[in-house]
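Asks: Numbering (my numbering), first residue to last: 3 to 510.
Would you mind keeping the following structure in view while I ask a few things?
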Ligand SMILES: Cc1ncc(COP(=O)(O)O)c(C=O)c1O
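Here you go:
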């Protein structure tokens, strides 16, 4: 078990002497490699038999080695045998790297972690405090668990249409309104890389007798370089999810759930929930990639981050000099809801070019084959990786400047999509009752005043604008229509064109 003290831990994922012992090993990766390549006769699943029986197109696409490593659960020497097995050791090493008490490898993304946390902490009839711009997976978790949420509004930059973190003060107010809340769920960092004051939020939550759960999906690298915010677990959070694939470099769909040594939550209940939500055939490739990514982060993370942060700073400076473009980030630290920022995000406010972020993103694609993480009306968000190749970053400023020069039409500042006050919603029934209740699809213009069965979020950023159980308002309809017209994808909507929306039959 790891050192559970939440204070006096080094600010990086290491001890005072260097990376914690054994971090340079990757026991699960090594175990599946040993099995995969030794030529064992496989009379078990999967049916492609290490690739020999696979379609030749798939073999060419993935390569034989990947198929040889696609091994199932319950193989002696990997996850069966004397404890700790390589699998158990790999999860423990992940916990050690983050100074957590327990870590679980997830093969259905951080989404699975949010679902598990809701099942464990927000059972039927209970009410938790939840940041309103949380990822859709937390609302879906409440649909699964039967819990309810008292929403806490994030700070909102109405000019740019960007939601930030919650402040400790608003969190305290929401907790005071929710006296039996077992947990408060906050997001840090946001899609835009802004980190909340997790330490103060933890104090507030703990004073109210609630666990602080941090959706750290975008911050799996936090705590591994002195210029980055510390990991929420080092700041008093009781549990975090980390979408390891997003920035740290494991394979897409792999993630981790981690808990601190805490009497505010039941690690056994979380383990049961993770098992319930897990396939009996989790992908060994995904889990091996988590083991490897953890090793790389714990051992080489600081050096890799040093290089990436320096290259990002140059790119940021050059883009900031492009007429009409302003790079935002560290300058916002200290504003409400922003206690830190992530230099692995390049957030560009393009309003003064007269173009929308959607238009600039489309032009970058068309001219330079450059794909960004997120485009909104006002901004572009570029996400860098832990070991980001530097050369594309060096090219970026040139390509960006040329693109903007061709499109430049100042004076036509784009409209903002999300109206101020868009986080004020009336919850009529719990998310589970609305999602599972008798519903009907009606034209969106007829849905105003009715109760939504759907969770609808513009994706990216995956922040729900309408939740199951909430009354549909004219503002939300206008916002979602504007998003669809601008080319955003609506996640969770039964009708992705947003011509119709599903509402409860009985609640009017
Ligand atoms: C804040 C946040 N939490 C959770 C998730 C879900 O992560 P995953 O895609 O790994 O399931 C996302 C995905 O974008 C996210 O942005």
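Glycine is no exception: its CB is placed at the ideal position from the N, C-alpha and C atoms.
Keep in mind the model is a prediction, meaning the values are calculated, not measured.
State whether the region 193-213 contacts the region 269-278, with contact taken as three or more CB pairs (one from each stretch) at a distance under 8 Å.
Replies: Per the Cβ contact rule, the region 193-213 is not in contact with the region 269-278 (fewer than 3 Cβ pairs under 8 Å).
Asks: Starting from the N-terminal side, write out each stretch of the alpha helix (DSSP H) that is 4 residues or longer and does not extend beyond the region 184-244.
Replies: Entirely contained in the region 184-244, the alpha helix (DSSP H) runs reaching 4 residues are, in chain order, 200-209.
Asks: Closer than 7 Å by C-beta to residue 502: which residues in its own chain qualify, once you throw out the five before and the five after it? Chain order, please.
Replies: 443, 444, 445 and 446
Asks: Hey, quick one: how far does the alpha helix (DSSP H) through residue 116 stretch, first residue to last?
Replies: 111-123
Asks: Does residue 15 come out as helix, strand or coil in the three-state DSSP assignment?
Replies: Residue confidence is low: residue 15 scores 43 on pLDDT, short of 50, so the model does not pin down where it sits. No coordinate-derived value is stated.
Asks: Rounded to whole angstroms, what's the CA-CA distance from residue 45 to residue 52? Just pull it up for me.
Replies: 11 Å
Asks: Figure out for me which residue from 333, 114, 449 and 470 has the closest Cα to the Cα of residue 217.
Replies: 114
Asks: With distances taken from CA atoms, which of 120, 481 and 231 is nearest residue 271?
Replies: Of 120, 481 and 231, the residue nearest in Cα terms is 120.
Asks: Ignoring anything shorter than 3 residues or poking outside the region 441-490, list the beta strand (DSSP E) runs there in chain order.
Replies: 441-445, 458-461 and 465-468
Asks: How many Å lie between residue 505 and residue 453 at the Cα?
Replies: 5 Å
Asks: Exposed or buried, residue 5, counting other C-beta atoms within 10 Å across all chains shown (16 or more means buried)?
Replies: Residue confidence is low: residue 5 scores 35 on pLDDT, short of 50, so the model does not pin down where it sits. Its coordinate-derived value is still stated next. It counts as exposed.
Asks: Taking 6 Å as the limit between beta carbons, can you name the residues of its chain near residue 374, skipping five residues before and five after?
Replies: 363, 382 and 384
Asks: When the Cβ atoms of the region 57-74 are set against those of the region 93-112, are three or more pairs found closer than 8 Å?
Replies: The region 57-74 makes no contact with the region 93-112; the number of CB pairs closer than 8 Å stays below 3.
Asks: Any idea what DSSP makes of residue 351, helix, strand or coil?
Replies: strand
Asks: Helix, strand or coil: which one does DSSP assign to residue 107?
Replies: Of the three classes helix, strand and coil, the one that applies to residue 107 here is strand, per DSSP.
Asks: Measure how close the beta-carbons of residue 253 and residue 287 come, nearest whole angstrom, since I'm counting them as under 8 Å.
Replies: Confirmed, Cβ separation roughly 6 Å.
Asks: Note down the Cα distance separating residue 380 from residue 359, rounded to an integer number of angstroms.
Replies: 5 Å
Asks: Quick check: does the Cβ of residue 257 come within less than 7 Å of any heavy atom belonging to ligand 1?
Replies: yes
Asks: CB residue 256 to CB residue 283, shorter than 8 Å?
Replies: no
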